[in-house]
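Beneath this line is the structure, given in structure tokens, with notes to follow.
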Amino acid sequence: ILNVEQSPQSLHVQEGDSTNFTCSFPSSNFYALHWYRWETAKSPEALFVMTLNGDEKKKGRISATLNTKEGYSYLYIKGSQPEDSATYLCAFKDSSYKLIFGSGTRLLVRP
Amino acid sequence: NAGVTQTPKFQVLKTGQSMTLQCAQDMNHNSMYWYRQDPGMGLRLIYYSASEGTTDKGEVPNGYNVSRLNKREFSLRLESAAPSQTSVYFCASSEPFRGGGFLETQYFGPGTRLLVL
Numbered sequence: 001i002l003n004v005e006q007s008p009q010s011l012h013v014q015e016g017d018s019t020n021f022t023c024s025f026p027s028s029n030f031y032a033l034h035w036y037r038w039e040t041a042k043s044p045e046a047l048f049v050m051t052l053n054g055d056e057k058k059k060g061r062i063s064a065t066l067n068t069k070e071g072y073s074y075l076y077i078k079g080s081q082p083e084d085s086a087t088y089l090c091a092f093k094d095s096s097y098k099l100i101f102g103s104g105t106r107l108l109v110r111p
Numbered sequence: 112n113a114g115v116t117q118t119p120k121f122q123v124l125k126t127g128q129s130m131t132l133q134c135a136q137d138m139n140h141n142s143m144y145w146y147r148q149d150p151g152m153g154l155r156l157i158y159y160s161a162s163e164g165t166t167d168k169g170e171v172p173n174g175y176n177v178s179r180l181n182k183r184e185f186s187l188r189l190e191s192a193a194p195s196q197t198s199v200y201f202c203a204s205s206e207p208f209r210g211g212g213f214l215e216t217q218y219f220g221p222g223t224r225l226l227v228l
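Order-wise, the sequence lines are chains A and B. Residue numbering for the first sequence follows this note's numbering, starting at 1 and increasing by one per position. Residue numbering for the second sequence follows this note's numbering, starting at 112 and increasing by one per position.
Take a look at the structure:
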């Protein structure tokens, strides 16, 4: 059974704080690592797809790094805003068609 | 484009009743998926269809059946609902592989909230 772990489970920060969370995944048979943003009462939306060790992706104030050798990815948010409040999901992809999702990190940004 | 649509949005069933959750996508995606989401757990794959005409079991297939009716539609059926199937169900679809890479982003529907009493 493949295990994708995310930490912390939840995070409360003040507006303007920078924050980061971790996704741990199996380091063998790696194909891709996905990050999704999931706002309450909406569907998950893709943020990044990362495939190469050392990959770094950036979208506005959000960035992600990938270490496939040790099996982790970090998601960073610089200068958090209330609209960043959401659950951030990572998902590991191996050689099958399937994504294995972590349980997410719930971020709440207080104004 | 509507993206991925799901019906119904909400359903209450009694134990033992059957129902079909419908999903359709208009993005010409080959692959479609059904997930369930329970508190404290990530999205868990129930069934998937890599392409029209094929379906495969995911992580938690027991108690469910699926039909890939055509390229657009992928339905999930509960033959005899149980309280353990109370959950939020998400359908997703993804682009075909490009250049041999696995860059397929999944696009999710709005979800169906199911309560089994």
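By construction, the Cβ of each residue, glycine as well, lies at the ideal position given by its N, Cα and C atoms. Only a predicted model underlies this, so the values are computations on that prediction, with no experimental measurement involved.
Is there a Cβ from chain B that is less than 7 Å from the Cβ of residue i?
i	result
S103/A	yes
P82/A	no
K69/A	no
K98/A	yes
Could you have a look at residue i and say whether DSSP puts it in helix, strand or coil?
i	result
D167/B	strand
S191/B	coil
Q148/B	strand
Q9/A	coil
Y31/A	coil
E15/A	coil
L225/B	strand
G212/B	Reliability of the predicted coordinates at G212/B is poor, the pLDDT of 44 falling under 50, and the value obtained from them is presented with this limitation in mind. Strand at G212/B.
E39/A	coil
Starting from residue i, trace the beta strand (DSSP E) both ways and give me its first and last residue.
i	result
Y72/A	72 to 77
F121/B	121 to 124
F219/B	217 to 219
L132/B	130 to 136
T105/A	105 to 110
S205/B	198 to 205
F112/A	Outside the shown range of chain A, which is 1 to 111, sits residue 112/A, and nothing can be said about it.
S160/B	154 to 160
R179/B	175 to 179
T116/B	115 to 118
Taking 7 Å as the CB-CB limit, is residue i close to chain A?
i	result
P172/B	no
F121/B	no
T223/B	no
T216/B	yes
F219/B	yes
- Query: In chain order, what residues of the stretch 142 to 165 of chain B put their CB closer than 7 Å to some CB of chain A?
  - Reply: For the stretch 142 to 165 of chain B, the set of positions with a beta-carbon nearer than 7 Å to some beta-carbon of chain A reads S142, G151, M152, G153, L154, L156, Y159, A161 in chain order.
- Short-range partners of chain A found in the stretch 184 to 201 of chain B, where Cβ spacing is below 8 Å: F201
- Item | Runs of alpha helix (DSSP H) wholly within the stretch 44 to 103 of chain A (minimum 4 residues, chain order) | none
- Message: Under 7 Å, CB to CB, which of the residues in the stretch 38 to 59 of chain A have a partner in chain B?
- Response: S43, P44, A46, V49, T51: these are the residues of the stretch 38 to 59 of chain A whose beta carbon lies less than 7 Å from some beta carbon of chain B, given in chain order.
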